[in-house]
Structures are given as structure tokens and as C-alpha cells.
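Worksheet for the structure shown next.
In my numbering, the protein residues as written are 6 to 291.
Written out as C-alpha cells, the structure is:
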């Protein structure tokens, strides 16, 4: 049996041969290709051939909610749409409007739409209409600088002294040139407890979807209140020879006669005294 010393001597003698042997053999990577990833070829192929239905379902956008606009106003963006439904009361009349349209915002430098009276013209004197006249009152106007068409037109009259407003018509069909006929006599008979007083009035024209106090918006009809007129009622006939104006200043025995008589007497006395003093001197007056 060999001793450990002899075994160590043999191992040291063979170590140069072992070092040389490693250089004679090729690298292990040149003989066997090492697979680094942990997935198999079958799994890779399966991932590339996914079912068309699943990929289409995954790519398609999913709707996660719905929204419904309940009201559309002129102040919204151009992309906003909706349906507005409401009921408002003006005086003794009720108003129900419903519209569905896309609101468009126009250039901020564009003017707002307006109303130009044709008959009667605003350049003439303020017209007067008799309330109980059987002949209807006719007004005619057209619109200027309109880019957005109103859904309908409302026509009202207001009286600042009576602090009241009367609705003449609602949801009148829009037309580039409008003609409105008003039977004031029939209207007055229907206004029980809220009759038209003898006073000055203002004609109000505006979009049926808005109100008389809306802010003007470029391209859309602005509320119009530029036409004024007067309403009066007739009085029973009186013979001119029998008629006397007791409150007039020019009536006989009125204040104007007394003032004129007193002024004439005073000027006469002043004239006589001043002329006498001029001719005879101060001694003539004593």
C-alpha cells in the first residue's frame, strides 16, 4: 500500500498534463448551444398565434359610462349638445319650450344679432295706439347680423311705470322678415284684473329659448327693446260749445287771466310814473 506522500508526488507530476489537456479540447459552447430563456419553443409559438377573437376584444375600446345632458344653453362649447325642457310663467301666460340643437360658438369679434323695425320706423315720432280700436296693430321688422337661427320668437310688451309685462305671443315661427298683428281691443277684454293702462310701453323681441335679460352673444339674436309706443283709451263725446277745461290755465277766470291782468296794471302804473318823472322832474311826482 502506497503512502500519502507517494500519492501526492504522483498528483504533482500529472498536473502539467491536466493543464495541457484543457487546451486541446474545443469550448463547450461550440459543441452544445445553451438555451438561456426559461420558456419552451411551444410556449413561444403559442404566444405568437393568439386567437383573433381575444386580441380584437382586448384592443377594442370599452365604454365605461354614459352621460346625458339635460339642458343646452348658448354659453356652452361648440361641441356640447343636449335637450332643454322647461316651463316659465310671464304675467298670466305660461311658456313651454323644447329644443334639441347643436350650439356653435362664433367669432368673439362678430356682432350679436339684432332687430330693425320696418313699420313703423324708429326714426318717426313715438306712435300712439288706441287700446279699444277694432283695427289691429301691425308691426314689421327684420333681423340683422344673425349667424345662428333662433328656434322661435317671443314678443312681449312692458311698462316701466306699471312695473308689469304682458305676453303677446310665444314660439312665433322664425322668418327673416317678421310681421306681427296684435288685436289690442280683444287682448284688453281678456286681461281680467291685469288690463293695459294708458301709458308708454316698450316692445320686447327675443329668442324663445332665452329671456329678455339674456346677455348678447356673437352671432345670436340679442334681446331687443328699442321700440317704444303709447296706448290710450277713448273718452265719451262732448260738444265743444259746452265743454270747459276747468284745469286749463287759459280757461276764462283761470290763473292765467289774473296774472295777465295784474301784470298789465303794474306795467301801466310804472310807465305813467316814470314818464311823469322824466318830463316834470321829481317835483312833478310830489
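Using N, Cα and C, we set each Cβ at its ideal position, and we do this for glycine too. Since the model is a prediction, treat every value here as computed from it, not as a measurement.
Short CB-CB distance (under 8 Å) between residue i and chain C
i, result
"residue 154", "Absent from the structure is chain C; it holds one protein chain and no more."
Three-state class that DSSP yields for residue i in the structure shown
i, result
"residue 146", "strand"
"residue 11", "helix"
"residue 273", "helix"
"residue 179", "coil"
"residue 204", "strand"
"residue 189", "helix"
"residue 245", "coil"
"residue 268", "helix"
"residue 151", "coil"
"residue 194", "helix"
"residue 128", "coil"
"residue 111", "coil"
"residue 285", "helix"
Alpha carbon of residue i to alpha carbon of residue j, nearest angstrom
i, j, result
"residue 103", "residue 124", "Reliability of the predicted coordinates at residue 103 is poor, the pLDDT of 43 falling under 50, and the value obtained from them is presented with this limitation in mind. Between residue 103 and residue 124, the C-alpha separation is close to 31 Å."
"residue 181", "residue 264", "60 Å"
"residue 271", "residue 281", "16 Å"
"residue 131", "residue 118", "24 Å"
"residue 171", "residue 235", "14 Å"
"residue 134", "residue 215", "29 Å"
"residue 84", "residue 207", "Since pLDDT at residue 84 reaches only 34, below the 50 mark, its modelled position is unreliable, and the value read off the structure follows with that caveat. Using only the alpha carbons, I get a separation of about 36 Å."
"residue 223", "residue 120", "14 Å"
"residue 160", "residue 209", "6 Å"
"residue 126", "residue 191", "25 Å"
"residue 169", "residue 267", "48 Å"
"residue 231", "residue 273", "54 Å"
"residue 229", "residue 195", "26 Å"
"residue 148", "residue 166", "29 Å"
"residue 116", "residue 150", "7 Å"
"residue 179", "residue 198", "32 Å"
"residue 211", "residue 245", "46 Å"
"residue 283", "residue 204", "59 Å"
"residue 217", "residue 139", "29 Å"
"residue 110", "residue 220", "14 Å"
"residue 279", "residue 241", "55 Å"
"residue 108", "residue 177", "21 Å"
"residue 233", "residue 193", "19 Å"
"residue 122", "residue 129", "11 Å"
"residue 16", "residue 10", "10 Å"
"residue 277", "residue 248", "41 Å"
"residue 269", "residue 237", "40 Å"
Cβ-Cβ separation, residue j to residue i (assumed contact under 8 Å), whole Å
i, j, result
"residue 158", "residue 183", "7 Å"
"residue 152", "residue 213", "No, residue 152 and residue 213 are not in contact; Cβ-Cβ is about 18 Å, not under 8 Å."
"residue 155", "residue 226", "5 Å"
"residue 137", "residue 243", "Not really, about 18 Å apart at Cβ, beyond 8 Å."
One or two residues paired with residue i in a DSSP bridge
i, result
"residue 164", "169"
"residue 117", "223"
"residue 122", "146"
"residue 17", "Note: residue 17 sits in no beta bridge, so no partner."
"residue 140", "DSSP lists no partner for residue 140."
"residue 209", "161"
"residue 184", "145"
"residue 133", "235"
With contact counted as at least three CB pairs below 8 Å, one residue from each stretch, are the region 177-188 and the region 128-145 in contact?
yes
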